[in-house]
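Protein chains in written order, with numbering that gives the first Met the number 0: chain A, 0 to 424; chain U, 0 to 390. Glycine included, every Cβ here is placed at the ideal spot set by N, Cα and C.
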Amino acid sequence: MLKMKPFSWDTIDGVIAGFEGRYAHKSKKGAPKSDLIFYKFWMTYLKNLRHAHENGKKIVFHTTNVPNEILYAFDIAPVHIQVSLGISSISGTQQTALNTPLAMGMTPEMCSLCRIPLGFFAEGIFPPPDAFIGNLAVCDYIVKNADLVNHFCGCPTYTIEKPYLYSPNGVAYMVKQFEEVIEFLEQVTGSKLNYDRLEETISYARQVESLHRSINELRKSRPTPMNSRKGPELQLADFYFTGTPLAVEYYQCIYEECAQRVEKKEGAIPNEKYRLLSPYYFPTYGWDLVDHLEKKWGAINVMELFFSPWSDLDFKPKSPLEALAKKYYEHPITKFQNAPIDVLIQEIIREAREYSADAVLWWAHRSCSHMLGAMWSIDKAITEQIGIPILRIDEDYADPVIEPIPKMIDKIDIFFQMLETSGNI
Amino acid sequence: MKTDLPTLNKLREINDTYPRVSAVEAYKREGRKALGWLCSYVPEELLYAAGTLPVRLTGYHSEQNLSSATAKLNEGICTFARSCLQTVIDGDTDYYDGFVGANCCDHTRRLTEFLDYHKTASPFNAIINPPLKMTDDSALFFTQELMQLKEKLETFTGSPITDEALWDAIELHNETRALVRRLYALRKQDPAPISGAEVLEVMNASYIMPKPEFNSLLSELLTELESRSPAPTVRGGPRLMVLGSPMTNPAVFREIEEMGAQIVMEEMCTAGRHYWDDVRMDNKAGDPVHALADRYLTNFPCARMIPTTSRFEHLLKCAEEWNVHGVISANIRFCTLYIYDIPILRDVMEQAEMPLLELNMEYNEGGKGQFRTRIQAFLEMIATQGGKAHA
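Shown next, in the form of structure tokens:
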């Protein structure tokens with residue numbers, strides 16, 4: 000039997016202190032408001048976790064696409080397990096967290112995004128959860144999270160299942176499960192859900208969706224007004240804070256910054272030359288890669304599949320839970336990340352055209368089977384239908400040991416040198 | 000290579016024609032359609048009731064060059080899915096008139112979508128969405144999914160699937176299940192009258208033959224086995240159960256048994272688990288599609304199903320009933336769902352004092368040097384430590 004290490008707040012305290020320091024430093028330097036709000040995010044999120052029990056709140060861990068709207072309608076501290084990725088890279092606990100699941104019997108090819116949270120529980124970096132909620136919406140790696148956490152931490156768990164394809168039957172199935180999630184949380188917290196509060200959190204979430212669509216419209220401008228870092232940052236804001244006024248504030252701020260740039264015909268980088276479409280995330284440790292792309296080559300992301308425009312939804316459903324079911328079917332992270340190949344192709348081609356992409360940059364995370372399995376078909380369609388060049392960089396999303404950054408930079412440089420010399424763009 | 004069992008020799012002859020299966024080609028010469036299916040959660044009964052012959056796509060039964068499939072699906076997709084695609088690319092499934100897959104894991108789902116998008120297998124493609132949860136709500140959702148598949152099949156064949164035809168198909172497949180359970184029950188004997196490798200051959204044949212013919216041959220085989228004890232290749236060594244990802248290569252089992260073990264039980268979906276539980280027929284006035292949904296969701300579960308405890312309860316029950324001395328968990332690389340079960344599996348087996356050997360391998364990979372060494376060490380450990388340790 001694997002022994003779990005005793006829990007300590009040391010790592011999380013260290014990360015909070017680090018963010019406070021950065022926030023103070025950035026404030027002094029007059030950093031853009033959106034950067035400051037982003038740091039405020041982290042501090043608020045981690046402090047809510049840190050002081051949850053002393054404030055009488057339960058700590059509820061969850062996976063992607065467990066509706067924040069429901070979580071924030073209860074007076075709890077929600078913790079998205081992938082917050083561990085940020086904490087691990089800041090605290091230097093990445094390799095320990097990656098390796099611990101291997102001692103549990105997992106194999107090195109298993110997804111690092113999912114190994115790190117489990118490592119955090121086993122290493123005593125995450126506090127023991129009061130409850131855990133999973134959503135089987137994204138990939139196979141998420142399926143066993145709740146069972147594993149229950150086995151090792153002994154907390155109550157609930158798992159939501161989002162069916163693969165959209166259908167009215169699927170929406171009805173999701174609504175039933177959301178009702179059960181509410182019952183589950185009522186048991187965990189000992190308090191009944193306040194439905195007025197739920198309406199309020201949904202209202203904040205709708206404001207975020209609307210701003211999201213508007214930001215994406217602005218990104219079509221040439222030069223594009225949002226830099227490559229902001230895509231993942233906005234997504235984190237969505238993951239952690241949708242359903243709160245803080246998320247609205249952040250999206251509003253990004254929207255305003257973008258709108259101002261568009262009005263002044265300014266780009267997010269000084270010399271935009273290549274407009275990139277990224278179907279997948281760049282590595283968590285790879286901010287230098289993004290900076291290199293922007294500074295050396297004038298290459299900037301204009302759209303990411305995970306941040307694709309939302310579909311037009313029916314925003315007047317019969318019940319708030321139906322609204323949430325529809326939202327989480329249509330959320331880009333589930334709608335496009337593991338969508339059928341034909342839907343993916345249609346979306347990527349549309350985005351490439353609408354955002355005037357010059358090239359596609361695949362960050363090919365070695366464990367992402369649903370992305371890897373679709374890549375050849377997508378590349379074929381891109382080549383045949385729009386003929387823009389494609390760069391694929393094999394890497395691991397959270398494990399820097401697998402593909403060193405200098406090697407990835409070499410590939411990037413060779414690719415852009417070829418583009419420059421061929422004069423294709 | 001002939002065995003002392005005439006019926007097993009007949010099944011072996013059919014298997015020898017795989018993947019261009021003689022039994023299917025004979026069926027097709029009568030002007031009937033064959034539908035490929037992938038994954039144990041696709042109800043064969045529906046395909047059969049539609050008047051088609053369901054044929055399971057399991058890729059090559061031995062290690063093959065998968066370079067064309069790897070180029071299209073990527074090396075990060077498991078070798079089971081790639082092997083299946085390779086048979087399609089190689090033209091070995093040209094006789095399929097259609098294909099039904101399921102969203103059972105990311106790898107096979109991408110394979111199914113690939114076949115659909117590129118129309119590689121045939122003009123008819125369907126993908127069903129079996130839930131991962133075992134609840135009343137999920138059973139209702141799965142019933143609705145199967146109703147859609149039924150309608151799609153009706154459109155494809157141009158004939159309605161009547162409740163009567165579906166109940167008949169269910170009865171036929173329940174007969175197969177009863178026969179397979181009898182076969183597995185014989186393996187409770189010590190030594191077993193049939194080796195694990197031979198059982199795998201029987202199972203392979205079951206997926207590529209019309210069920211009436213298979214049932215008839217399996218009945219004959221059971222009669223022959225009554226007077227055979229033990230199997231010539233079984234020497235009465237440690238009794239093993241093999242768990243994990245799909246496997247159809249009898250040579251892998253043969254090599255383990257040649258080292259002195261007897262494989263008396265398997266959990267893989269390509270073996271007996273697929274046939275474990277019956278579809279309930281006690282309410283024939285009711286909806287047969289709902290009966291199918293109910294059975295496929297509650298059958299001996301794949302690692303994809305949650306809660307995971309259900310799978311482990313089944314495994315421990317089998318280990319006890321088949322008097323198992325050790326367990327081999329053989330998982331294909333990248334088989335996320337099975338590999339993610341390992342941390343809990345280790346604890347479950349440790350508590351049951353059941354030795355466990357974990358193998359991380361490719362689909363149908365034969366017993367190469369390091370596997371032989373590890374298996375030999377495992378068998379020695381079982382023999383010397385009386386089955387109280389992990390490998």
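Report yes if the CB atom of residue i is closer than 8 Å to the CB atom of residue j, and no otherwise.
i: Ile331 of chain U; j: Ser244 of chain U; result: yes
i: Glu53 of chain A; j: Ile201 of chain A; result: no
i: Ala33 of chain U; j: Tyr116 of chain U; result: no
i: Pro126 of chain A; j: Phe6 of chain A; result: yes
i: Asn124 of chain U; j: Gly97 of chain U; result: yes
i: Phe113 of chain U; j: Lys71 of chain U; result: yes
i: Leu323 of chain A; j: Val301 of chain A; result: no
i: Leu217 of chain U; j: Val198 of chain U; result: no
i: Ile11 of chain A; j: Arg49 of chain A; result: yes
i: Thr92 of chain A; j: Ile58 of chain A; result: no
i: Ser111 of chain A; j: Ala380 of chain A; result: no
i: Ala138 of chain U; j: Ile193 of chain U; result: no
Rounded to the nearest angstrom, what separates residue i and residue j at their Cα positions?
i: Ala91 of chain U; j: Gly104 of chain A; result: Looking at the sequence provided, one finds Asp at residue 91 of chain U rather than Ala. Roughly 37 Å separates the two Cα atoms.
i: Gly230 of chain A; j: Cys113 of chain A; result: 21 Å
i: Glu225 of chain U; j: Asn248 of chain U; result: 26 Å
i: Met380 of chain U; j: Ile327 of chain U; result: 13 Å
i: Val170 of chain A; j: Ile159 of chain A; result: 12 Å
i: Thr99 of chain A; j: Pro128 of chain A; result: 19 Å
i: Phe305 of chain A; j: Pro130 of chain U; result: 24 Å
i: Asn173 of chain U; j: Gly195 of chain U; result: 23 Å
i: Ile391 of chain U; j: Gly235 of chain U; result: This structure leaves residue 391 of chain U out entirely; chain U is present only between 0 and 390.
i: Arg108 of chain U; j: Val342 of chain A; result: 14 Å
i: His79 of chain A; j: Phe60 of chain A; result: 6 Å
i: Pro5 of chain U; j: Asn102 of chain U; result: 39 Å
i: Arg55 of chain U; j: Thr95 of chain A; result: 43 Å
i: His289 of chain U; j: Ser33 of chain A; result: 53 Å
i: Ser421 of chain A; j: Ile389 of chain A; result: 14 Å
i: Gln206 of chain A; j: Arg345 of chain U; result: 47 Å
What residue range is occupied by the uninterrupted alpha helix (DSSP H) comprising residue i?
i: His313 of chain U; result: Thr308 to Glu320
i: Arg349 of chain A; result: Ile340 to Glu353
i: Val233 of chain U; result: First-last for Val233 of chain U: undefined, no H or E at that position.
i: Ile36 of chain A; result: Lys32 to Arg49
i: Pro244 of chain A; result: Pro244 to Lys263
i: Ile411 of chain A; result: Ile404 to Ser421
i: Met380 of chain U; result: Gly368 to Gln384
i: His150 of chain A; result: Asn144 to Cys152
i: His106 of chain U; result: Asp105 to Tyr116
i: Tyr327 of chain A; result: Pro319 to Glu329
i: Arg345 of chain U; result: Ile341 to Gln350
Our contact map puts residue i next to residue j with C-beta atoms below 8 Å; I'd like the distance itself, whole angstroms only.
i: Arg238 of chain U; j: Val323 of chain U; result: 5 Å
i: Ala356 of chain A; j: Met374 of chain A; result: Not really, about 17 Å apart at Cβ, beyond 8 Å.
i: Ile169 of chain U; j: Pro287 of chain U; result: 6 Å
i: Leu171 of chain U; j: Val201 of chain U; result: Between Val201 of chain U and Leu171 of chain U the Cβ distance is about 17 Å, and since that is not below 8 Å, they are no contact.
i: Ala447 of chain A; j: Gly133 of chain A; result: No information on residue 447 of chain A is available, as it lies outside the stretch 0 to 424 that chain A covers here.
i: Glu265 of chain U; j: Glu62 of chain U; result: The pair is not a contact, with the Cβ atoms about 19 Å apart (cut-off 8 Å).
Taking all protein chains shown into account, do 16 or more other C-beta atoms lie within 10 angstroms of the C-beta of residue i, making it buried, or fewer, making it exposed?
i: Arg19 of chain U; result: exposed
i: Asp449 of chain A; result: Lying outside 0 to 424, the shown extent of chain A, residue 449 of chain A is not represented and no answer is given.
i: Met280 of chain U; result: exposed
i: Leu101 of chain A; result: exposed
i: Leu135 of chain A; result: buried
i: Ala433 of chain U; result: Absent from the model: residue 433 of chain U. The displayed extent of chain U is 0 to 390, so no value can be given.
i: Thr372 of chain U; result: exposed
i: Asn193 of chain A; result: exposed
i: Leu184 of chain A; result: buried
i: Trp8 of chain A; result: exposed
i: Thr161 of chain U; result: exposed
Which residue marks the beginning of the beta strand (DSSP E) containing residue i, and which one marks its end?
i: Asp276 of chain U; result: Run containing Asp276 of chain U: none; DSSP gives neither H nor E here.
i: Glu265 of chain U; result: Gln261 to Glu265
i: Pro308 of chain A; result: Run containing Pro308 of chain A: none; DSSP gives neither H nor E here.
i: Met360 of chain U; result: Leu355 to Met360
i: Met302 of chain A; result: Ala298 to Glu303
i: Pro77 of chain A; result: Ala76 to His79
i: Asp393 of chain A; result: Ile389 to Glu394
Cβ of residue i versus every heavy atom of the ligand ADP: is any distance shorter than 7 Å?
i: His150 of chain A; result: Only the bare structure without any ligand can be found here, which leaves the ligand ADP out of the picture.
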